[in-house]
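Start counting the sequence shown at 1; every next residue gets the next number (full-length UniProt numbering). We put the beta carbon where it would ideally sit given N, CA and C, even for glycine. As the structure is a prediction and not an experimental result, all values here were calculated from the model. In what follows, a structure is listed as structure tokens, so that the remarks can point back to it.
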Amino acid sequence: MLFWKKSEEERKAEEGDKTAILSLIEKGKVKKAIQILEKFKDNPQLRPILFDLYLKEGKYYYAYQLLEGYDPNLGTAKERALVYAKAGQYKKAVEEYLKVGDFESLIHAGDLLYSMGEKEKALEVYQRALKLAPLLERQTLEEKIQKVKVDLGLVEVKKESFIDKLKKGLKKTKEAVEFGLLFRGRKVDEELFEELEERLIRADIGVKLTVKIVEELRKEAIRRNIKQAEELKDLLKGMLISYIKDCKGEIKQKDELVVYLFLGVNGSGKTTTIGKLAYRFVKEGKKTLLCAADTFRAAAIEQLEVWAQRSGADIVKKQEGSDPAAVVYEGLQKAVSEGYQRVLIDTAGRLHTKEPLIKELRKIKQTILRFVSEEDVETLLVLDATIGQNSISQAKVFKEAVDISGIILTKLDGTSKGGTVVPICQELKIPIKLLGLGEGLEDLQPFEPEAFVEELLS
Ligand SMILES: Nc1nc2c(ncn2[C@@H]2O[C@H](COP(=O)(O)OP(=O)(O)OP(=O)(O)O)[C@@H](O)[C@H]2O)c(=O)[nH]1
Numbered sequence: 001m002l003f004w005k006k007s008e009e010e011r012k013a014e015e016g017d018k019t020a021i022l023s024l025i026e027k028g029k030v031k032k033a034i035q036i037l038e039k040f041k042d043n044p045q046l047r048p049i050l051f052d053l054y055l056k057e058g059k060y061y062y063a064y065q066l067l068e069g070y071d072p073n074l075g076t077a078k079e080r081a082l083v084y085a086k087a088g089q090y091k092k093a094v095e096e097y098l099k100v101g102d103f104e105s106l107i108h109a110g111d112l113l114y115s116m117g118e119k120e121k122a123l124e125v126y127q128r129a130l131k132l133a134p135l136l137e138r139q140t141l142e143e144k145i146q147k148v149k150v151d152l153g154l155v156e157v158k159k160e161s162f163i164d165k166l167k168k169g170l171k172k173t174k175e176a177v178e179f180g181l182l183f184r185g186r187k188v189d190e191e192l193f194e195e196l197e198e199r200l201i202r203a204d205i206g207v208k209l210t211v212k213i214v215e216e217l218r219k220e221a222i223r224r225n226i227k228q229a230e231e232l233k234d235l236l237k238g239m240l241i242s243y244i245k246d247c248k249g250e251i252k253q254k255d256e257l258v259v260y261l262f263l264g265v266n267g268s269g270k271t272t273t274i275g276k277l278a279y280r281f282v283k284e285g286k287k288t289l290l291c292a293a294d295t296f297r298a299a300a301i302e303q304l305e306v307w308a309q310r311s312g313a314d315i316v317k318k319q320e321g322s323d324p325a326a327v328v329y330e331g332l333q334k335a336v337s338e339g340y341q342r343v344l345i346d347t348a349g350r351l352h353t354k355e356p357l358i359k360e361l362r363k364i365k366q367t368i369l370r371f372v373s374e375e376d377v378e379t380l381l382v383l384d385a386t387i388g389q390n391s392i393s394q395a396k397v398f399k400e401a402v403d404i405s406g407i408i409l410t411k412l413d414g415t416s417k418g419g420t421v422v423p424i425c426q427e428l429k430i431p432i433k434l435l436g437l438g439e440g441l442e443d444l445q446p447f448e449p450e451a452f453v454e455e456l457l458s
């Protein structure tokens, strides 16, 4: 019978020979090495090797037992901190992280302290970390610090300003393209233009526009003999603003009845946007009525009902499958007879049934015009920023159906394609009247081209 002959090396390893054990590990025989080393936990020469293998294998609880049962100084402070954290020994983990004291360890320590409810200590550690924070991490850490301060009642909850909301809305885009870092302290050279081109495309400005922008910048840089990249950034800012400034628009507002007709494909954020706008109108003291003309799905009707409750608006609805124009007729009859000032109409958004959809929307618009004149109708197309320029082809279908007076670009906070505002404006030439910057009731903000570009490039 062929005996499986233990290699000489393996035999030596099993006797606790360090070199032989290390050679086993080099050959990938980690499990075998652990098996052998677990017999030599008392050996201070071999214990660190076992601790290191436990860490590599993610056996944190075993590593924790070595620290507790044999030697609390095994590994580095950072390794011990990780083991203690994984083993739920947060206090010890914090101690080790604070011994390391670098940015990442301080953040871990602060997070653990916060999770343990020790918010004062968490704040103190976060503030230490802030002094070491790399540029790109500062904003996130400052938001953490602000949150802890609010928890501790050190500052009242700062009402998010328009700029704060815009910052939040463009965070993903900025993290993806980092324009702010691109120009800092750089010379104007071909590499810079190539990087700029790549980042403009990443922000979904579109290839055609990107090439045009970069070409214009190259020419200007030569004409003005620009050497510093910062100057180029100012030129880029001016160009982007020039491309979108004509798309600034406010939604129609007056004391008497205004009808807002919402178009957009399912999932674009129509119903949510109606809810946010209804909330605002009710807060302004306007008598507001929602109209559930997306009768294709019961879910859409129910969803609008939820928004009516959340916003304090009233609602007119019929059962699923009813004629949408009939719902609109009933809604406007009620609005006129009962003195409503705002009517917000939700419609179906099934683009794949293009012809019937166009017919349905035209019929709805005709019904509206039986009650109010064109100037008191705001036809708003809701576009989902996360699909970027693809929303332009969607928009063209809806444009075939009815005249669109404004665009609402939603989910800007959920995408790195914030630059899509530029091609949408350039291609559709329709005012962008509102930006959806989050799921909250207040996360619907006006489109301010200057502030938008300022934030995008900062
Ligand atoms: N992050 C973020 N999410 C949003 C925003 N606007 C809408 N949403 C979310 O997008 C999803 C779809 O929103 P809906 O309002 O249901 O979209 P819809 O167009 O009405 O879709 P249907 O109900 O299928 O017609 C929901 O989860 C919303 O919370 C926004 O500005 N930011």
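Could you round the C-beta distance between residue i and residue j to whole angstroms and report it? I think they count as a contact, below 8 Å.
i       : j       : result
Thr-238 : Thr-410 : Note that residue 238 is Gly in the sequence shown, not Thr. That pair is no contact at about 28 Å.
Ser-23  : Glu-9   : 6 Å
Thr-347 : Leu-361 : 6 Å
Ala-335 : Leu-277 : With a Cβ gap of about 16 Å, Ala-335 and Leu-277 do not count as contacting.
Ile-34  : Leu-50  : 7 Å
On the CB-based measure, 16 or more other CB atoms within 10 Å of its CB, does residue i come out buried or exposed?
i       : result
Val-352 : Contrary to the premise, residue 352 reads as His rather than Val in this sequence. Exposed, because fewer than 16 other Cβ atoms sit within 10 Å of the Cβ of His-352.
Gly-419 : buried
Phe-183 : buried
Arg-342 : buried
Phe-3   : With a pLDDT of only 47 at Phe-3, under the threshold of 50, the placement of this residue in the model should not be trusted, and no figure is reported.
Leu-136 : exposed
Cys-291 : buried
Phe-296 : buried
Ile-222 : exposed
Gln-445 : buried
Arg-80  : buried
Thr-19  : exposed
Lys-6   : exposed
For residue i, report the span of its beta strand (DSSP E) as first-last.
i       : result
Cys-291 : 288-293
Arg-342 : 342-347
Val-382 : 377-384
Gln-127 : Where Gln-127 is concerned, there is no enclosing beta strand (DSSP E), although the alpha helix (DSSP H) it sits in stretches over 119-132.
Gly-406 : 406-410
Val-421 : Run containing Val-421: none in the beta strand (DSSP E); it sits in the alpha helix (DSSP H), 421-428.
Leu-263 : 258-263
Since residue i sits in a beta bridge, which residues does DSSP pair it with?
i           : result
Pro-72      : DSSP output for Pro-72 lists no bridge partner at all.
Gln-228     : Lys-187
Val-316     : Cys-291
Leu-434     : Ile-408, Pro-446
residue 463 : The shown model of the chain, from 1 to 458, leaves out residue 463, and the question about it has no answer.
May I have the straight-line CA-CA distance separating residue i from residue j, to the nearest angstrom?
i           : j       : result
Lys-167     : Leu-53  : 44 Å
Val-83      : Ile-205 : 46 Å
Cys-425     : Glu-330 : 35 Å
Lys-433     : Ala-77  : 54 Å
Met-1       : Arg-11  : Its pLDDT being 44, under 50, Met-1 is placed unreliably in this model, and the value from its coordinates should be taken loosely. Straight-line Cα distance between these residues: approximately 21 Å.
Gly-153     : Lys-147 : 10 Å
Gly-438     : Gly-169 : 7 Å
Ile-407     : Pro-431 : 6 Å
Leu-232     : Lys-283 : 44 Å
Leu-240     : Thr-379 : 27 Å
Ala-140     : Glu-191 : Correcting the residue type first, residue 140 is Thr in the shown sequence and not Ala. Those two C-alpha atoms are separated by around 30 Å.
Thr-271     : Glu-142 : 33 Å
Asp-189     : Asn-225 : 12 Å
Glu-455     : Gly-414 : 16 Å
residue 472 : Ala-325 : Residue 472 is absent from the structure shown; the chain starts at 1 and stops at 458.
Gly-185     : Val-214 : 19 Å
Val-150     : Leu-123 : 11 Å
Glu-302     : Val-372 : 27 Å
Leu-236     : Lys-429 : 21 Å
Gln-319     : Ala-298 : 8 Å
Gly-180     : Ala-229 : 11 Å
Leu-357     : Glu-104 : 54 Å
Ser-337     : Asn-266 : 31 Å
Asp-102     : Ala-109 : 10 Å
Lys-29      : Ala-385 : 51 Å
Could you pull the start and end residues of the alpha helix (DSSP H) that residue i belongs to?
i       : result
Tyr-279 : 270-283
Leu-106 : 103-115
Thr-415 : Thr-415 -> no alpha helix (DSSP H), and no H or E assigned at all.
Gln-45  : From DSSP, Gln-45 is part of no alpha helix (DSSP H); its letter is neither H nor E.
Glu-178 : It is not in any alpha helix (DSSP H) - Glu-178 carries neither H nor E in the DSSP assignment.
Gln-35  : 30-37
Arg-218 : 207-223
Glu-79  : 77-86
Lys-92  : 90-100
Glu-143 : 135-151
Does any C-beta atom of chain C lie closer than 8 Å to the C-beta of residue i?
i       : result
Lys-317 : Structure shown: chain C not included; a single protein chain is present.
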